[in-house]
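Participant:
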Amino acid sequence: MSVTAAAGFRAAGVTAGLKASGRPDVALVVNDGPLDAAAAVYTGNRCKAHPVLWSERASADGRVRAVVLNSGGANCFTGPEGFQTTHATAELVGELVGCGAADVVVCSTGLIGVPLDRERVLAGTHAAHAQLDADGGSQAATAIMTTDTVSKQALVHGDGFVVGGMAKGAGMLAPGLATMLVVLTTDAVASAQDLDRALRAATRTTFDRVDSDGCTSTNDTVVLLASGASGATPEPAALDEAVRAVCAQLARMLVADAEGAEHDIAVEVVGAASEDDAVEVARSIARNNLFKTAVFGRDPNWGRVMAAVGTTGAAFEPAALDVSLNGVAVCVGGAPHADPADVDLAPREVHVLVDLHAGDASATVWTNDLTHAYVHENSAYST
């Protein structure tokens, strides 16, 4: 599975010594063609890491031959030397795979404000190139992990073509076009315009609807590459759906691996006047720390949900709101209904359903509970 499931791609993951743990930390994904079409989306954070600044320009023409990624350092706010490290890495990959540096996307993840060891990155890039393999997707997926507890890989088979992908992310998950590092590949025959359409449509309803902790990273990147090696040219709708399905799988894996989480929470809003209203309400609930801690404590305090809805600008009448928790209608018409004691919050997955009774639009945002383990992990992240 993963990024080498599609024909025309090779990948590798190696240990370059960037992590004190000695775990793999440099990955390389190469598109052997015959096509080199690509599309990408990047963080909405205005404070962007050097790799993002480089890659935004590199992918702008819709052509990418390779993606090189490192964990163990974000290479963000590291001064001119940091950008030179990104540039040198892209130059090296270009030399090794036979393309220009401007056809190489660079991704980094890890601690902000700490210089990245350039020599180790370059040595790791050399080593990864030497180990490129059509079965190397799993190794690459492992090498991009930071606080992830498991690697994240997904695969969808279309009619004569494949879409595969890998992702990393377990914290700082909030929308801004992209919410983590993701590499997607397909062997379909597709243009850069086709890929851009499919990717933006997919991220809008998958990665952009993952809101673990309301924090948007400086390094987030999602890139989609097409090799055309299958010779199959799918209908636009078929390509769009395959890309969406892979993104949806990866997005759910990100929520499931959120730092310290004990519950995966789907916040579904229906009866909204517009999709934007539905997303706004769902996100307000998903980001509400009082609600998230209540779920952690298995406390069906639906008042937290109502209070979060009320902070939005969405169209609704408070006296018309309905709220259900795991299938139990605890509030109907803005008033108590079923006994909250009937709500079982023991299962890993929690479903919150809010009906605004203001229209026909709906949306779902995925989040997780706020636990002691999350606080511990992020209170000591740099030490």
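Convert by adding 29 to the 1-based position in the sequence shown; the result is the number in the working numbering. By construction, the Cβ of each residue, glycine as well, lies at the ideal position given by its N, Cα and C atoms.
1) I'd like to know whether the C-beta atoms of A40 and L224 end up nearer to each other than 7 angstroms.
2) Measuring CB atoms only, is the segment 159-173 touching the segment 50-61, in the sense that at least three cross pairs come out at less than 8 angstroms?
3) Looking only at its chain, what residues have a beta carbon closer than 7 angstroms to the beta carbon of E291, apart from the 5 residues adjacent to it on each side?
4) Compute the Euclidean distance between the alpha carbons of V134 and M335, then round it to the nearest angstrom.
5) How many whole angstroms separate the CB atoms of G194 and V218, which I take to be in contact at a CB cut-off of 8 angstroms?
6) Under 8 angstroms by Cβ, that's how I've got V43 and G102 pegged, so tell me the actual separation to the nearest angstrom.
7) Would you tell me roughly how many angstroms separate the C-alpha atoms of G111 and D237, rounded to the nearest one?
8) Compare the beta carbon distance of D269 and A227 with 7 angstroms and say whether it is the shorter of the two.
9) Under a three-way DSSP split, which group does Q278 fall into?
10) Measuring alpha carbon to alpha carbon, tell me which residue in A152, G108, L145, A49 is nearest L57.
11) Output the residue ranges of the beta strand (DSSP E) runs that lie fully inside the segment 104-184 and measure 3 residues or longer, sorted by chain position.
12) Going by the CB atoms, is the gap between T178 and D286 shorter than 7 angstroms?
13) So C105 packs on T247, CB below 8 angstroms; how close in whole Å?
14) Does the beta-carbon of C276 have 16 or more other beta-carbons within 10 angstroms, so that it is buried, or is it exposed?
15) Compute the Euclidean distance between the alpha carbons of E297 and K197, then round it to the nearest angstrom.
16) Does R312 come out as helix, strand or coil in the three-state DSSP assignment?
17) My assumption, with CB atoms under 8 angstroms, is that D65 sits in contact with R86. Please give the rounded CB distance.
18) With DSSP run on the structure shown, which of helix, strand or coil describes M195?
19) What's the call for N99, buried or exposed, on a 16-neighbour Cβ count within 10 Å?
20) Rounding to the nearest angstrom, what Cα-Cα distance links V97 and A78 in this structure?
21) What first and last residue would you give for the alpha helix (DSSP H) that runs through L224?
22) Ignore the nearest five residues each way along the sequence and tell me which others in A230's own chain have a CB closer than 6 angstroms to its CB.
23) So S391 and A295 are in contact, right, with Cβ under 8 angstroms, and what is the actual spacing, rounded?
24) In the DSSP assignment, find the beta strand (DSSP E) that holds A69 and state where it starts and stops.
25) DSSP has L210 in a bridge; who is on the other side?
26) Am I right that S256 and A36 are in contact with their C-beta atoms under 8 angstroms? What's the rounded C-beta distance?
27) Just the Cα atoms here: how many angstroms apart are V272 and G260?
28) For the beta strand (DSSP E) that contains N99, what are its first and last residues?
29) Report the residue from K181, D351, A344 whose alpha carbon sits nearest the alpha carbon of G362.
30) Go through its chain and collect everything with a Cβ distance to A280's Cβ below 6 angstroms, but skip five positions before and after it.
31) When you compare each of R149, L125, D90 to A49 by their alpha carbons, which one comes out closest?
32) How should E124 be labelled, buried or exposed, when 16 other C-beta atoms within 10 angstroms of its C-beta is the threshold for buried?
33) Kindly identify the DSSP beta-bridge partner or partners of L354.
34) Hey, out of D371, P347, A130, whose CA is closest to A358's CA?
35) Would you check if the distance between the CB atom of V192 and the CB atom of R312 is smaller than 7 angstroms?
Facilitator: Reading it off the structure:
1) no
2) yes
3) F325, D398, T400
4) 44 angstroms
5) Actually they are not in contact, since the Cβ atoms of G194 and V218 sit about 19 angstroms apart, beyond 8 angstroms.
6) 15 angstroms between Cβ atoms; not a contact.
7) 28 angstroms
8) yes
9) helix
10) A152
11) 133-137
12) yes
13) 5 angstroms
14) buried
15) 25 angstroms
16) helix
17) Not quite, the Cβ-Cβ distance comes to about 16 angstroms (not below 8 angstroms), so this is no contact.
18) strand
19) buried
20) 15 angstroms
21) 221-234
22) D269
23) Not confirmed; about 12 angstroms, so no contact.
24) 66-71
25) K197, T250
26) 7 angstroms
27) 18 angstroms
28) 95-99
29) D351
30) T235, F236, V239
31) R149
32) exposed
33) V357, V381
34) D371
35) no
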